[in-house]
Amino acid sequence: MTRQDKITRAFKQVGTRPPRPDGIDKVTGRAMYGADMTAPGMLWGKVLRSPHAHARIRSIDTSAAEALEGVKAVVTGADFTLPEDDFYRDVAVNCMAQDAALYDGHAVAAVAAVSEAVAKAALKLIKVEYEVLPHVIDVDAAMTTGAPVVQPGRAYENVPEGMSENVTSHCEFGHGDLAAGFAKADVIVERSFRTAATHQGYIEPHACLASMGGDGRADLWCCTQGQFHVREVCAEILGMESSQLRVTASEIGGGFGGKTTVFIEPVALALSRKAGRPVKIVMKRDEVFRATGPTVHSSIDVKIGMTRDGRITAGEAHLRYSGGAFPCGTVDMGAQSAFAAYDLDAVRTFGWNAMTNRPKEAAYRAPGAPQAIYAVESVVDELCQKLGLDPLDVRILNAARKGTKSAYGPTFDEIGLLATLEAAKAHPHYTAPLGPNQGRGLSCGFWFNFGGNTCVTMNLAFDGTVTITEGNPDIGGSRASISLMAAEELGIPYDKVRTIVADTASIGHNDITDGSRVTFSVGLAAIEAARDAIAKMCARVAKIWGIDPDAVEWKDGAVHPSGPNAGKFPPMTLAEIAATSPNTGGPIAGHYEVNADGAGVSFGVHLVDVEVDPETGATKVLRYTVFQDAGKAVHPDYVEGQMQGGAVQGIGWALNEEYIYGEDGRLQNPGFLDYRVPVASDLPEIETVILEIPNPGHPYGVRGVGETPIVPPLAAISNAVSRAAGVRLTELPMSPPRILKALSAQG
Amino acid sequence: MKTIPVSTRVNGDSVEFLCAPEETLLDALRNRLGLTGAKEGCGSGDCGACSVLVDGRLVCACLVLAAEAEGAEIATVEGMAEGERLHPLQRHFIDSAALQCGVCTPGILVAAKALLDHNPDPSDEEVRYWLAGNLCRCTGYDKIVRAVQSAAAEMRGA
Ligand code: FES
Ligand code: FES
Chain A
12 MTRQDKITRA FKQVGTRPPR PDGIDKVTGR AMYGADMTAP GMLWGKVLRS PHAHARIRSI
72 DTSAAEALEG VKAVVTGADF TLPEDDFYRD VAVNCMAQDA ALYDGHAVAA VAAVSEAVAK
132 AALKLIKVEY EVLPHVIDVD AAMTTGAPVV QPGRAYENVP EGMSENVTSH CEFGHGDLAA
192 GFAKADVIVE RSFRTAATHQ GYIEPHACLA SMGGDGRADL WCCTQGQFHV REVCAEILGM
252 ESSQLRVTAS EIGGGFGGKT TVFIEPVALA LSRKAGRPVK IVMKRDEVFR ATGPTVHSSI
312 DVKIGMTRDG RITAGEAHLR YSGGAFPCGT VDMGAQSAFA AYDLDAVRTF GWNAMTNRPK
372 EAAYRAPGAP QAIYAVESVV DELCQKLGLD PLDVRILNAA RKGTKSAYGP TFDEIGLLAT
432 LEAAKAHPHY TAPLGPNQGR GLSCGFWFNF GGNTCVTMNL AFDGTVTITE GNPDIGGSRA
492 SISLMAAEEL GIPYDKVRTI VADTASIGHN DITDGSRVTF SVGLAAIEAA RDAIAKMCAR
552 VAKIWGIDPD AVEWKDGAVH PSGPNAGKFP PMTLAEIAAT SPNTGGPIAG HYEVNADGAG
612 VSFGVHLVDV EVDPETGATK VLRYTVFQDA GKAVHPDYVE GQMQGGAVQG IGWALNEEYI
672 YGEDGRLQNP GFLDYRVPVA SDLPEIETVI LEIPNPGHPY GVRGVGETPI VPPLAAISNA
732 VSRAAGVRLT ELPMSPPRIL KALSAQG
Chain B
219 MKTIPVSTRV NGDSVEFLCA PEETLLDALR NRLGLTGAKE GCGSGDCGAC SVLVDGRLVC
279 ACLVLAAEAE GAEIATVEGM AEGERLHPLQ RHFIDSAALQ CGVCTPGILV AAKALLDHNP
339 DPSDEEVRYW LAGNLCRCTG YDKIVRAVQS AAAEMRGA
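Respectively, the protein sequence lines represent chains A and B.
Per the working numbering, the first sequence starts with residue 12, numbered consecutively.
Per the working numbering, the second sequence starts with residue 219, numbered consecutively.
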């Protein structure tokens, strides 16, 4: 994409709030989600899961299950040929254990039967002989030499000899002279932090319906953030050619990153292949918690030096993350984002990933960043307290801006951090009075954002309406935003454009709905596809008028003659061009394919007021305001929705969500009752302030907004609680018992 | 396994079906009657995605046995609109962007309707407490509360 230096365009439709096109389906119950699809002759699949945190699988006897009436197929690890490539092999092993169960909930076998009840009964008949092995759940414990080894031989070359075999990778980022930086500081604070693993907590459990014919061709319908990725991974695991597998994404009931991989899809395909009938698998909630992606859990040390007047002289962080029972690169993103909000002369971050007997990590909004930034922003706040400085002023003083060499390497282009901080400072929330036991906290947040492979087609119907065919599931109103951008570019009303999410056989590859990429990349591609169609329309009209294609121009949804020699013709509208297209060369379509870069990093600032009850340790969130740069808010309702939803997920993470394991290594809270996500009555209004600092990498200035909002709440709330309670909290979640403990330790 | 015959009314239509003794109303609605509007988010009464009305009472269909529907009047999200005419709650949910993924929406609409049926003018706090049994992971609830309030205002003729 070429760089857009000044985006001065006056938008007619972008920035308005029309109803979303899938709204009626979703308020009437007509929308089809993962579990809502059925097929004739369909069987029900169920998965047997390990009750042990770590065990060798000596043998699996499926004969009794196979003999049960109504059972049509049973599969185990032996039914999958393992891909060579580490990435695919890990996904395959996570979907179905091979010789060892690596965590409580790891799939070990699956059945397909005529009903759910028969499938359930069959699971009970499968005999698995386990040899229970010692397990390790905590990242620091996993890193000590002599810890039980989750998987041997998985360390990358950059891990020094002599470390625990669980340590799989190491990374390091930063620049400048740390020792010199710390020497310049008036105050240095060094703290250690811990964050629990949390789950994305989408309300829709994973679900899929697979149908494979005797010819090896298959169809798969599933709830996913990326049907193309599902196709590639499943094809790899099942030894198929990608083109023989068509994947259709259902409506998706939340993902937040957690539906960027596969769990049951290859299993359903394998069962269908064996049974010769369609197989549906729908996870139960406890399976979602036990076997699908939580975040990493972390242990982090941060050291920051500051001068008396608030300039940060050096920052250093050591991050230890565990992404569960497999190697995991999320710590790299934590190490890169930790200090992203600051303009520093000396900064260094070091990251380590260690395996533990927990489920394989899956992305959750800005994966890796919330933990790292929580630790850094907590220390910055403590320094402000120690030096009696205003925490917003200190952030403004040290803020990264255009031209800053970021802590992770690249030099920033136009970024909205400073504007966002200044908006927070000017907001009445920042100076509102606080009562007893109340505190105010704030934190910056950051995310890289992503572009990626994108392919969009725009077709003009003869009646002058337009279909956009794209390949990314609509996870929070993206059809509306993409239709808006296409309508804007074409100069036709929003309701003349319909955006549909196509299956993998109907459009070229599109990367997963992740990295906050869809409004940015798919929007960009839709605009460019519109431009392609416009060029074709211009050529058609020039031909009709018998003039040079350069002598026409596109304006307000019509082709006009332009320039001194064009002659006089009444403009031809898109509808007229479409209607006559059979006589001027056939149907008209626009296309665009790109591997988009220029996504433009995203910054946000959150302000929160809390009240801590000194008797119970309970925290109530009283007021919450989100400030974020959206580049250009295409549909502001859904931008606000991302900001509010992300903030509330962060509130849950800060205050009560966590994976709790027993001594036996089993997950103790695999349900919504004990893994409590925030409910309506826990929360105040979530106020939002959208800043628009155009992203030069997008024709309309758009930046992704979906991930950044989960980053600041952790530190913002921890800082507010620490100020309210008069004691620094360093562990998440800040559940009432933890706060009470901190209060009593302080005396 | 013995099946149980059930005759009931769903969204005003009489319906008969056979079910297993341990089968939930949610499974019967979804798998036997093809009414997939109510969703299973947890199966344990913790998320409210399966909310329906049984004889006007708001329940989690995952906690009710299908056999208990005998002789009852069931209302699901599929019955909220009258033909093309959306219920004001449905309209305001779209207009106020009170849904992102939309999977919680059927349950929340049914629950909100039950609230407004007996309390046409709730405070924000009452809306928040009433909906505390309906999880939404996408929206942070802000726009949901506003949508319920604007629908309530319209229904009161305000
Ligand atoms: S599915 Fe019934 S309450 Fe969650
Ligand atoms: S809109 Fe997704 S759970 Fe509520």
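Just so you know, even glycine gets a beta-carbon here, dropped at the ideal spot from N, CA and C.
| said: Along the region 256 to 270 of chain A, where does the CB come closer than 9 Å to a CB of chain D? Name the residues. | reply: No chain D is part of this structure, whose protein chains are labelled A and B.
In the DSSP assignment, find the unbroken beta strand (DSSP E) run with Ile486/A in it and report its ends.
-> Where Ile486/A is concerned, there is no enclosing beta strand (DSSP E), given that its DSSP letter is neither H nor E.
Verify the CB distance criterion: does Thr209/A have a CB-CB separation below 9 Å to chain B?
Against chain B, the CB of Thr209/A has no partner CB under 9 Å away; the residue lies outside that interface.
### Simplified DSSP state of Ala64/A, which is helix, strand or coil
Judged by DSSP in its simplified three-state form, Ala64/A adopts coil rather than helix or strand.
### Message
Between Glu343/B and chain A, is the shortest Cβ-Cβ distance under 9 Å, so that the two count as touching?
### Response
It does; some Cβ of chain A falls within 9 Å.
Have a look at Asp343/A and Arg301/A and give me their C-alpha separation to the nearest angstrom. The C-alpha of Arg301/A is placed about 25 Å away from the C-alpha of Asp343/A.
Exercise for review: Within 10 angstroms of the Cβ of Glu372/B, are there 16 or more other Cβ atoms? Answer buried if so, exposed if not.
Suggested key: Exposed, since its Cβ has fewer than 16 Cβ neighbours within 10 Å.
Along the chain, where does the beta strand (DSSP E) that runs through Cys219/A open and close? For Cys219/A, the enclosing beta strand (DSSP E) starts and ends at Ala218 to Met223.
**Message:** Taking 8 Å as the cut-off, is the beta-carbon of Phe423/A closer than that to any non-hydrogen atom of ligand 1?
**Reply:** Distances between the C-beta of Phe423/A and the heavy atoms of ligand 1 are all 8 Å or more.
Between Thr294/B and Gly682/A, what straight-line distance do the alpha-carbon atoms span, to the nearest angstrom?
Between Thr294/B and Gly682/A, the C-alpha separation is close to 25 Å.
* Asked: Are at least three pairs of beta-carbons, each pair with one atom in the region 211 to 219 of chain A and one in the region 330 to 343 of chain A, less than 8 Å apart?
  -> Flag = no, the region 211 to 219 of chain A and the region 330 to 343 of chain A do not touch.
At the level of alpha carbons, what is the spacing between Val659/A and Glu587/A? Looking at the two C-alpha atoms, the distance is approximately 48 Å.
Margin query: Is the separation between the beta-carbon of Ala133/A and that of Tyr385/A shorter than 9 Å?
Written below: In this structure, Tyr385/A does not lie closer than 9 Å to Ala133/A by Cβ.
*asked:* Under 8 Å: does the beta carbon of Thr357/B sit that close to some heavy atom of ligand 2?
replied: When distances are taken from the beta-carbon of Thr357/B to the heavy atoms of ligand 2, the shortest one is below 8 Å.
Q.
Closer than 8 Å to a non-hydrogen atom of ligand 2 - does that hold for the CB of Val321/B?
A. Under cutoff, so the answer is yes.
Next on the checklist: Please tell me whether Lys220/B has its Cβ less than 9 Å away from any Cβ of chain A.
Outcome noted: Under the 9 Å criterion on CB atoms, Lys220/B is classed as non-interfacial with respect to chain A.
Inset, instruction - Anything in chain B within Cβ reach of Tyr44/A, meaning under 9 Å, just list it in chain order. - result: Neighbours of Tyr44/A on chain B, chain order: Thr254, Lys257, Cys319, Gly320 and Val321.
Point to revise | Any 3 or more C-beta pairs closer than 8 Å across the region 632 to 640 of chain A and the region 565 to 575 of chain A | key: Too few Cβ pairs lie closer than 8 Å, so no.
If you draw a straight line from the alpha carbon of His305/B to that of Cys356/B, how long is it in whole angstroms?
Distance between the alpha carbons of His305/B and Cys356/B: 23 Å.
Quiz item: On the premise that Gly488/A lies in contact with Ala315/B, defined as a C-beta separation below 8 Å, what is that separation, rounded to the nearest angstrom?
Solution: 7 Å between Cβ atoms; contact.
Quiz item: Looking only at its own chain, which residues have a Cβ that is under 7 Å from the Cβ of Leu432/A, when we skip the five neighbours before and after it?
Solution: Cβ neighbours of Leu432/A within its own chain (closer than 7 Å, five residues either side excluded): Leu403, Arg406, Ile407, Ala410 and Val616.
Mark Asp273/B as exposed unless 16 or more other C-beta atoms lie within 10 angstroms of its C-beta, in which case mark it buried.
-> Using a 10 angstroms sphere on the CB of Asp273/B, the tally of other CB atoms stays under 16, which defines it as exposed.
Excluding five sequence neighbours on each side, which residues of the same chain lie with their C-beta closer than 7 Å to the C-beta of Val508/A? Counting only Cβ-Cβ distances below 7 Å, and skipping sequence neighbours, we find Val477, Ile479, Ser494, Ala497 and Ala498.
message: Short of 8 Å in beta carbon distance, which residues of its chain neighbour Pro625/A, apart from the five on each side in sequence? Order them along the chain.
response: Hits under 8 Å: Asn448, Ala736 and Leu754.
Rounded distance between the beta-carbons of Val147/A and Asn177/A, thought under 8 Å:
Correct: roughly 7 Å between the Cβ atoms.
Any idea what DSSP makes of Val366/B, helix, strand or coil? Val366/B sits in a helix when the DSSP states are folded into three classes.
Item to check | Neighbourhood of Glu481/A by C-beta distance below 6 Å, restricted to the same chain and skipping five residues each side | outcome: Closer than 6 Å at Cβ, skipping near neighbours: Val467 and Val533.
Near ligand 1, which residues have their beta-carbon less than 6 Å from any of its heavy atoms, given in chain order? Chain-ordered list of matching residues: Glu258/B, Gly259/B, Cys260/B, Gly261/B, Gly263/B, Asp264/B, Cys265/B, Gly266/B, Ala267/B, Cys268/B, Cys278/B and Cys280/B.
| message | Can you pull out the residues from the region 352 to 386 of chain A whose beta carbon lies closer than 8 Å to at least one beta carbon of chain B? | response | From the region 352 to 386 of chain A, no residue has a Cβ closer than 8 Å to chain B.
Host beta strand (DSSP E) of Thr465/A (start-end): Where Thr465/A is concerned, the enclosing beta strand (DSSP E) stretches over Gly463 to Leu471.
| task | Say yes only if the C-beta of Cys354/B is nearer than 8 Å to one or more non-hydrogen atoms of ligand 2, and no if none qualify. | result | Relative to ligand 2, the nearest heavy atom lies less than 8 Å away from the CB of Cys354/B.
Review point. When you compare only the Cα positions, how much space is there between Glu8/A and Pro710/A?
Key: A question about residue 8/A goes unanswered here, because the residues of chain A that appear run from 12 up to 758.
By Cβ distance, which residues of its chain are closer than 8 Å to Thr13/A, with the 5 residues on each side in sequence left out? Residue placement at Thr13/A is poorly supported in this model, since its pLDDT is 49, which falls under 50; the coordinates still yield a value, given next. For Thr13/A, same chain residues with a beta-carbon under 8 Å away, outside a window of 5 residues either side, do not exist.
Review point. If you measure from the beta carbon of Glu651/A to each beta carbon in chain B, is any gap under 9 Å?
Key: Contact with chain B is found for Glu651/A, since one of that chain's Cβ atoms lies less than 9 Å from the residue's Cβ.
### Query
Of the choices Lys270/A, Asp506/A, Asp36/A and Pro705/A, whose alpha-carbon is the least far from that of Leu428/A?
The shortest C-alpha separation from Leu428/A is found at Pro705/A.
**Prompt:** Counting pairs of beta carbons, one from the region 650 to 668 of chain A and one from the region 678 to 698 of chain A, are three or more of them closer than 8 Å?
**Reply:** These segments touch.
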